[in-house]
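Student: Going by our numbering, 397 is the number at position 258 of the sequence shown; the sequence numbering is gapless. The C-beta atom is built at its ideal place from N, Cα and C for all residues, glycine as well. Source: prediction; values computed, not measured.
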Amino acid sequence: MSEMGERAGMTGGAAARVFSGVKPTGHLTLGNYLGAVRRWVAVDQHQADALFCVVDLHALTVDHDPARVRRLSRQAATLLLAAGLDPELCTVFVQSHVDEHTRLAYLMECTASVGEMRRMVQFKEKAAREETAGVRLSLLTYPALMAADILAYGTDEVPVGEDQAQHVELTRDLAMRFNRRYGPVFVVPRATQPPVAARVMDLQDPRSKMGKGTVVRDGGAGVIHLLDEPDVVRRKVMRAVTDAGADVVYDREARPGVANLLDVLAACRGEVDPAGLAAEYGSYGALKRDVAEAVVELLRPVRERHAELAADPGYVDKVLRAGAGRARDRARPRVDAAYEAVGLLPAGV
Ligand code: AMP
Ligand code: TRP
Numbered sequence: 140m141s142e143m144g145e146r147a148g149m150t151g152g153a154a155a156r157v158f159s160g161v162k163p164t165g166h167l168t169l170g171n172y173l174g175a176v177r178r179w180v181a182v183d184q185h186q187a188d189a190l191f192c193v194v195d196l197h198a199l200t201v202d203h204d205p206a207r208v209r210r211l212s213r214q215a216a217t218l219l220l221a222a223g224l225d226p227e228l229c230t231v232f233v234q235s236h237v238d239e240h241t242r243l244a245y246l247m248e249c250t251a252s253v254g255e256m257r258r259m260v261q262f263k264e265k266a267a268r269e270e271t272a273g274v275r276l277s278l279l280t281y282p283a284l285m286a287a288d289i290l291a292y293g294t295d296e297v298p299v300g301e302d303q304a305q306h307v308e309l310t311r312d313l314a315m316r317f318n319r320r321y322g323p324v325f326v327v328p329r330a331t332q333p334p335v336a337a338r339v340m341d342l343q344d345p346r347s348k349m350g351k352g353t354v355v356r357d358g359g360a361g362v363i364h365l366l367d368e369p370d371v372v373r374r375k376v377m378r379a380v381t382d383a384g385a386d387v388v389y390d391r392e393a394r395p396g397v398a399n400l401l402d403v404l405a406a407c408r409g410e411v412d413p414a415g416l417a418a419e420y421g422s423y424g425a426l427k428r429d430v431a432e433a434v435v436e437l438l439r440p441v442r443e444r445h446a447e448l449a450a451d452p453g454y455v456d457k458v459l460r461a462g463a464g465r466a467r468d469r470a471r472p473r474v475d476a477a478y479e480a481v482g483l484l485p486a487g488v
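As structure tokens, then:
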């Protein structure tokens, strides 16, 4: 049985194939790091054949500046390497360098329904915010492209933050529907999430996710970036909105600001029980000081390594070129098989 057929049937005991991605819509945040990238480095890249992608096509679904997307794409790739992704262990590449993603996205659009796209929370939220030029059609169809990203590689596991769980669930539905209609082409993937800090909240608005886009809208005082200087990190943490009441308790509903700080501290310390940490603190001030120092120390090596790598863009380009080649080789047979399965005449080359 071919590698593809075997994996589509999920037989055999091979290690999980991992795929995940990050959008170059802004500077990477502490949320990206704690929710996703840190585990890609610590765990996922050590699995067989993990792929990590700067999903630049997804950055075009909202109003964008071409030069900025280009700059942020290189920066995101550089940061993934700075955070510790090792091109000897895994494949790091840029989505638009591998045509298989858009080839397969079309078949996913032919598998999904308009209703299921409209139900996506991220679509509803972003569509509500786009005032100027109108909502791009690609914002609606974005989850079909994301499903293609994942399914093209026979992915078993998709390590993401909590906000992406719904998109991965949709990807599973599309894979199963396609397989039922046309035969077993795709592996049905599942999302994996970190035990703590799967949803880091904005420090100024702890009921909203800490997101790259917030910076443009609200100045970004509640968003910590991976490249923020230590003093900037300290200032943002010390000014974080806390809750009424002075005692430190873990309650995500009633005390979201303090719960968020406890989540971040637990994640930085590699612990999984933020509620247990609350007992160590008698005041918000002491908690904030410890959070600030923990985040500064967490990000220090990433920032330092980024500075080294950014001085050698030729190296990053070389990694991305090799990564795209490897990714293309992995994706093409399965995307070809999907084209054939839906009834398209093989090109016969
Ligand atoms: P994005 O910034 O939307 O491209 O997200 C890249 C990865 O980071 C995805 O796996 C997201 O789920 C994750 N992520 C983004 N923001 C957060 C956050 N505030 N907390 C936890 N994970 C996040
Ligand atoms: N939609 C994801 C986000 O906003 C980014 C993404 C695109 C992705 N394609 C993916 C994540 C495939 C995991 C797998 O964060």
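Which term fits GLY148, buried or exposed, when burial requires 16 or more other beta carbons within 10 angstroms of its beta carbon?
Tutor: A caution first: GLY148 carries a pLDDT of 43, below 50, which makes its placement in the model too unreliable to give a value.
Student: Measure from the alpha carbon of ALA417 to the alpha carbon of each residue in CYS407, ASP402 and ALA431, then state which is nearest.
Tutor: Closest by alpha carbon: ASP402.
Student: Compute the minimum distance between the beta carbon of GLY160 and the heavy atoms of the ligand TRP, and state whether it is under 7 Å.
Tutor: Yes; taking the cut-off as 7 Å, the Cβ of GLY160 has a heavy atom of the ligand TRP nearer than that.
Student: Going by other Cβ atoms of all chains shown within 10 Å of its Cβ, with 16 needed for buried, is GLU192 buried or exposed?
Tutor: For the record, residue 192 in the displayed sequence is Cys; it is not Glu. It counts as buried.
Student: For THR250, which three-state DSSP category applies?
Tutor: Reduced to three states, the DSSP call for THR250 is coil.
Student: Following a CB-centred definition, is MET285 positioned closer than 7 Å to any heavy atom of the ligand TRP?
Tutor: Within the cutoff, so yes.
Student: Closer than 7 Å: is that where the CB of ARG391 sits relative to any heavy atom of the ligand AMP?
Tutor: Not so, every heavy atom of the ligand AMP lies at least 7 Å from the Cβ.
Student: State the DSSP-derived secondary structure class of MET340, mapped to helix, strand or coil.
Tutor: Of the three classes helix, strand and coil, the one that applies to MET340 here is strand, per DSSP.
Student: Does the beta-carbon of GLN303, which I'm using as the reference point, lie nearer than 7 Å to any heavy atom of the ligand TRP?
Tutor: The answer is yes for GLN303.
Student: For the alpha helix (DSSP H) that contains PRO395, what are its first and last residues?
Tutor: Element bounds for PRO395: 395-408.
Student: Can the beta-carbon of PRO333 be found less than 8 Å from the beta-carbon of LEU173?
Tutor: Closer than 8 Å, so yes.
Student: For ALA304, tell me which candidate among ALA175, GLY487, ASP456 and ARG465 has the shortest Cα-Cα distance.
Tutor: Comparing Cα positions, the closest option is ALA175.
Student: Within a Cβ cutoff of 8 Å, which residues of the same chain sit near ASN318, ignoring the five residues on either side of it in sequence?
Tutor: Answer for ASN318: ALA147, VAL324, PHE325 and VAL327, listed in chain order.
Student: For CYS229, count the other beta carbons within 10 Å of its own beta carbon; 16 or more makes it buried, fewer makes it exposed. Which is it?
Tutor: With 16 or more Cβ atoms within 10 Å of its Cβ, CYS229 is classed as buried.
Student: Output yes or no for whether 8 Å exceeds the beta carbon distance between ARG572 and LYS348.
Tutor: Any property of residue 572 remains undetermined from this structure, which presents the chain solely from 140 to 488.
Student: Skipping 5 residues on each side, what residues in its chain have a beta carbon closer than 7 Å to that of ASP475?
Tutor: So no residue of the chain qualifies.
Student: Measure the C-alpha to C-alpha separation of GLY358 and ALA314 and round it to an integer number of angstroms.
Tutor: So the two alpha carbons sit approximately 40 Å from each other.
Student: Any contact between the segment 404-411 and the segment 439-452? By contact I mean 3 or more CB pairs, one from each, below 8 Å.
Tutor: No, they do not touch.
Student: Could you give the DSSP three-state label for THR150: helix, strand or coil?
Tutor: Because the pLDDT at THR150 is just 43, under 50, the model does not fix this residue reliably, and the value given afterwards should be weighed accordingly. It is coil, neither helix nor strand.
Student: Expressed to the nearest angstrom, what Euclidean distance is found between the alpha-carbon atoms of TYR454 and ARG177?
Tutor: For TYR454 and ARG177, the distance between alpha carbons rounds to 22 Å.
Student: The ligand AMP heavy atoms versus the CB of VAL299: any closer than 7 Å?
Tutor: Because some heavy atom of the ligand AMP lies under 7 Å away, the Cβ of VAL299 counts as near it: yes.
Student: Go to GLU296, then tell me how far its beta strand (DSSP E) extends in each direction, as first and last residue.
Tutor: Counting along the chain, the beta strand (DSSP E) containing GLU296 begins and ends at 296-298.
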